[in-house]
Structure formats: structure tokens, C-alpha cells
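A.B. asks: Below: one structure in C-alpha cells.
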């Protein structure tokens with residue numbers, strides 16, 4: 083009996099959907115747009131995570147020492163830094179290595195190399211390249227270097243504050259982008275709920291005579307309300323499927339571009355995380371459809 087009733091409810095939902103196909107497709111379209119924006123936020127988040135990861139690998143604190151700084155003092159400071167839990171690695175670049183790197187970087191600049199040779203002595207000091215586990219941990223490392231009186235006399239400069247500016251700007255851009263995306267998604271969710279709500283209300287109005295007959299013959303509340311809730315489920319399923327289909331060519335087209343620009347291929351990300359994205363969009367779409375239908379049924383279908 084339960085299976086038979088369920089089949090009838092689903093059939094009635096399909097009939098309602100097809101009977102009001104123009105309005106139904108309008109609801110599907112709006113929910114699809116909402117899911118597309120929501121899905122775009124997923125891809126954006128993956129791209130931004132990739133940018134932050136690249137930034138983390140490239141950004142570090144460079145401690146430049148004076149020319150007369152003793153190697154023992156530098157290595158002692160290196161040992162102190164390595165004992166910090168925030169520090170991932172500390173690379174020591176000797177004066178000789180710094181000079182060699184400088185020559186390699188300017189091998190095509192003959193004027194600079196000639197000027198360097200004229201100086202005779204090595205004008206470059208040693209360097210410590212300090213990399214933290216997380217970008218927000220550089221502050222405490224820089225503070226330690228600034229307050230360490232025993233090493234202040236041998237340190238020429240620390241370039242943390244230039245890197246901090248880059249980190250802060252990027253973090254601000256990412257934060258603002260996420261806020262805008264959230265607001266746009268929220269607005270579209272509200273629009274989707276309103277349109278789906280009105281679509282179900284219209285379906286209830288069109289089927290009011292059938293509903294009256296069912297109520298007269300003693301149909302249960304579940305049997306009367308069920309088709310309209312299932313109709314909301316249909317909106318969610320079709321919308322999520324439509325969004326997934328649209329994402330396929332779009333991510334394929336943008337894949338190579340995002341890989342060059344941001345270091346992540348959105349098409350490969352889409353394929354790798356397909357079932358994860360499918361689940362998120364499907365659950366979101368069905369929730370929007372069912373929630374809107376439930377509100378409409380509760381308000382306009384008195385049984």
C-alpha cells in the first residue's frame with residue numbers, strides 16, 4: 083500500500099510539473115542560477131587556496147646580516163630560530179653563496195659584474211631565509227628578531243614588513259571576494275525561494291478542484307500535500323543536473339587559463355571532485371525546492 087501511494091504521489095508531482103511547465107521551468111532556471119553561483123564559489127575557493135599555498139611557499143623572512151657578522155653568531159641565531167614551533171625551515175646562505183647567486187642572477191648584466199669586480203672584496207653579507215608553517219606566524223618570528231638584543235648588532239635588515247604588506251593585501255582581497263560571493267548567493271537563495279514558493283502556490287490553485295475531491299473521499303494529508311513537496315524535489319534535482327552540465331564546458335574552457343593564472347586547473351578540479359560537487363549541489367538544490375514547497379503548502383493548502 084505504501085509503495086502504491088508513493089508511486090501515485092510521484093506521478094501526481096510529475097503531472098503538476100508538466101501541467102505548469104512554463105512556471106516550473108522558470109523556478110528551475112532561478113534555482114539553477116543560484117546553484118551556479120554557489121558552485122562558482124566552490125571553484126573560487128579552490129583557486130584562492132591554491133594562490134595562498136603558492137604564497138606560503140614563496141613568502142619568507144629574509145634576515146640580512148652585516149658584512150662583518152661572524153658565522154658562529156649567525157649559526158647560533160639560526161639554531162634559536164629552528165627551535166621555534168612556528169618555524170618550518172631556516173636556510174643559511176653564506177657570503178660566498180650570496181655572491182655566487184648574485185653573479186648568476188646578473189650573468190647577462192656585464193656592467194654590474196664589472197662594477198662588482200672593481201670592488202675587489204665581497205660586498206654582500208650572509209642571509210637567513212626563514213619560512214613559517216603558516217603565513218600568520220611570521221609576526222611572532224619578526225618580533226623575536228626585533229627584540230633579540232644579542233643579534234641586533236649583526237643584523238643589517240629584515241624584509242618581513244614588505245612581505246607582510248603583500249600578505250595583508252591578498253588576504254583582504256580574498257576576504258572581500260568571499261563576502262561579495264556570500265551576499266550574491268544569499269540574494270539568489272531568497273529569490274529562488276520566492277519564485278519556487280509562488281510556483282507551488284500556483285500549482286495548488288490550479289489543482290484546487292482535484293484537492294477538494296481528494297479531501298471529500300478521505301485522502302490523507304500526506305497524499306494531498308505529497309505531490310507538491312515532491313515537485314519541489316524535482317526542481318532541486320533538475321536544477322542541480324543543469325548546473326553540473328553547464329559547469330562541464332565552462333570549466334573545460336577556463337581550465338588552462340586558471341592554471342596559468344592561479345596555478346589550479348578548474349576542469350581537473352571539477353573532474354576530481356565531481357561527486358563531492360554533485361552532492362553539494364544536489365543537497366542544496368533539493369533543500370531549496372523542498373523548503374519553498376513546504377512553506378507554500380503550509381500556507382495555502384489547508385487540509
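Residue numbers (the working numbering): 83 to 385.
Ideal placement from N, C-alpha and C gives every residue a C-beta, glycine not left out.
Predicted model only: the values in this text are computed from it and were never measured.
For a minimum of 4 consecutive residues, which ranges assigned as the alpha helix (DSSP H) are wholly contained in the stretch 289 to 355?
C.D. replies: If we require 4 residues or more, the alpha helix (DSSP H) runs fully inside the stretch 289 to 355 come out as 290 to 298, 303 to 344 and 348 to 354.
A.B. asks: Determine the DSSP secondary structure at residue 148, reduced to helix, strand or coil.
C.D. replies: As a working mapping, residue 148 is identified with position 66 in the chain shown. Coil, per DSSP.
A.B. asks: Taking residue 282 as the reference, give the member of 93, 90, 89 and 108 with the closest Cα.
C.D. replies: Within the chain shown, numbered from 1, the residue matching residue 282 stands at position 200. When each option's Cα is compared against that of residue 282, the closest is 108.
A.B. asks: Between the Cα of residue 284 and those of 354, 362 and 106, spot the shortest distance and give me the residue it belongs to.
C.D. replies: Along the chain shown, read from residue 1 onward, the residue named residue 284 stands at position 202. Per the Cα distances, 106.
A.B. asks: Which of the three DSSP states is assigned to residue 170 in this structure?
C.D. replies: Counting from one through the chain shown, the residue named residue 170 turns up at place 88. Strand, per DSSP.
A.B. asks: Determine whether the beta carbon atoms of residue 146 and residue 271 lie at a separation below 9 Å.
C.D. replies: Counting from one through the chain shown, the residue named residue 146 turns up at place 64. Counting from one through the chain shown, the residue named residue 271 turns up at place 189. In this structure, residue 271 does not lie closer than 9 Å to residue 146 by Cβ.
A.B. asks: For the structure I just gave you, are there three or more beta carbon pairs, one from the stretch 189 to 201 and one from the stretch 224 to 236, closer than 8 Å?
C.D. replies: Result no; under three Cβ-Cβ pairs closer than 8 Å.
A.B. asks: I'd like to check one pair, residue 332 with residue 372: are the Cβ atoms closer than 9 Å?
C.D. replies: Indexing the chain shown from 1 puts residue 372 at position 290. Indexing the chain shown from 1 puts residue 332 at position 250. Taking 9 Å as the Cβ cut-off, residue 372 and residue 332 do not qualify as a contacting pair.
A.B. asks: Would you check if the distance between the CB atom of residue 329 and the CB atom of residue 121 is smaller than 9 Å?
C.D. replies: Along the chain shown, read from residue 1 onward, the residue named residue 329 stands at position 247. Along the chain shown, read from residue 1 onward, the residue named residue 121 stands at position 39. Against a cut-off of 9 Å, the Cβ pair of residue 121 and residue 329 comes out as a contact.
A.B. asks: I'd like the span of the alpha helix (DSSP H) that includes residue 78, first residue to last.
C.D. replies: Residue 78 lies beyond the residue range present for the chain, which begins at 83 and ends at 385; the question has no answer from this structure.
A.B. asks: For residue 345, count neighbouring C-beta atoms within 10 Å of its own C-beta (all shown protein chains included) and say buried if the count is 16 or more, exposed if not.
C.D. replies: The residue you call residue 345 lines up with position 263 of the chain shown. The residue is exposed, with fewer than 16 neighbouring Cβ atoms inside 10 Å.
A.B. asks: I want to know whether the stretch 150 to 169 touches the stretch 123 to 139 - three or more CB-CB distances under 8 Å.
C.D. replies: No: fewer than three Cβ pairs fall under 8 Å.
A.B. asks: Rounding to the nearest angstrom, what Cα-Cα distance links residue 168 and residue 174 in this structure?
C.D. replies: The residue labelled residue 168 in the question sits at position 86 within the chain shown. The residue labelled residue 174 in the question sits at position 92 within the chain shown. Cα-Cα distance, rounded: 18 Å.
A.B. asks: Along the alpha helix (DSSP H) that carries residue 224, what are the first and last residues, could you check?
C.D. replies: If you number the chain shown from 1, residue 224 lands on position 142. Per DSSP, residue 224 belongs to the alpha helix (DSSP H) from 220 to 229.
A.B. asks: Who are residue 210's beta bridge partners in DSSP?
C.D. replies: To locate residue 210, count along the chain shown from 1; it is residue 128. Per DSSP, 145 and 174.
A.B. asks: Using the Cβ count rule (16 or more neighbours within 10 Å means buried), how would you classify residue 90?
C.D. replies: In the chain shown, residue 90 corresponds to position 8, counting from 1. Result: exposed.
A.B. asks: Return the first residue and the last residue of the beta strand (DSSP E) that residue 237 is part of.
C.D. replies: Translated into positions along the chain shown, residue 237 becomes position 155. Note, residue 237: beta strand (DSSP E), 237 to 240.
A.B. asks: CA-CA distance, residue 98 and residue 309?
C.D. replies: Counting from 1 along the chain shown, the entry for residue 98 is found at position 16. Counting from 1 along the chain shown, the entry for residue 309 is found at position 227. So the two alpha carbons sit approximately 8 Å from each other.
A.B. asks: Please state whether DSSP places residue 102 in a helix, a strand or coil.
C.D. replies: By 1-based counting over the chain shown, the position of residue 102 is 20. If DSSP states are grouped into helix, strand and coil, residue 102 belongs with coil.
A.B. asks: Considering only residues of the same chain and omitting the five flanking positions on each side of residue 183, which have a CB-CB separation below 8 Å?
C.D. replies: Looking up residue 183 in the chain shown gives position 101. Contacts found: 175.
A.B. asks: Tell me the rounded alpha-carbon separation between residue 160 and residue 347.
C.D. replies: Position 78 of the chain shown holds residue 160. Position 265 of the chain shown holds residue 347. Roughly 38 Å separates the two Cα atoms.
A.B. asks: Ordered along the chain, which non-local residues of its own chain (more than five positions away) have a Cβ less than 8 Å from that of residue 118?
C.D. replies: Indexing the chain shown from 1 puts residue 118 at position 36. Cβ neighbours of residue 118 beyond the five flanking positions: 325, 328 and 329.
A.B. asks: With a cut-off of 8 Å on the beta carbons, I'd call residue 170 and residue 214 a contact; round off their distance for me.
C.D. replies: As a first step, residue 170 must be located in the chain shown, where it is residue number 88. As a first step, residue 214 must be located in the chain shown, where it is residue number 132. Between residue 214 and residue 170 the Cβ distance is about 6 Å, and since that is below 8 Å, they are a contact.
A.B. asks: Going by alpha carbons, who is nearest to residue 352 out of 334, 374 and 369?
C.D. replies: Counting from one through the chain shown, the residue named residue 352 turns up at place 270. Comparing Cα-Cα distances from residue 352 to each of 334, 374 and 369, the minimum goes to 334.
A.B. asks: Quick one: measure Cβ to Cβ for residue 144 and residue 211, integer angstroms, because I've assumed they're closer than 8 Å.
C.D. replies: Against the chain shown, residue 144 aligns to sequence position 62. Against the chain shown, residue 211 aligns to sequence position 129. Correct: roughly 6 Å between the Cβ atoms.
A.B. asks: Would you mind reading off the limits of the alpha helix (DSSP H) that contains residue 165?
C.D. replies: Reading the chain shown from its first residue, position 83 is the one you call residue 165. No alpha helix (DSSP H) holds residue 165; DSSP gives it neither H nor E.
A.B. asks: Which value, in whole angstroms, describes the spacing of the CA atoms of residue 55 and residue 336?
C.D. replies: There is simply no residue 55 to check, as the chain begins at 83 and stops at 385 in what is shown.
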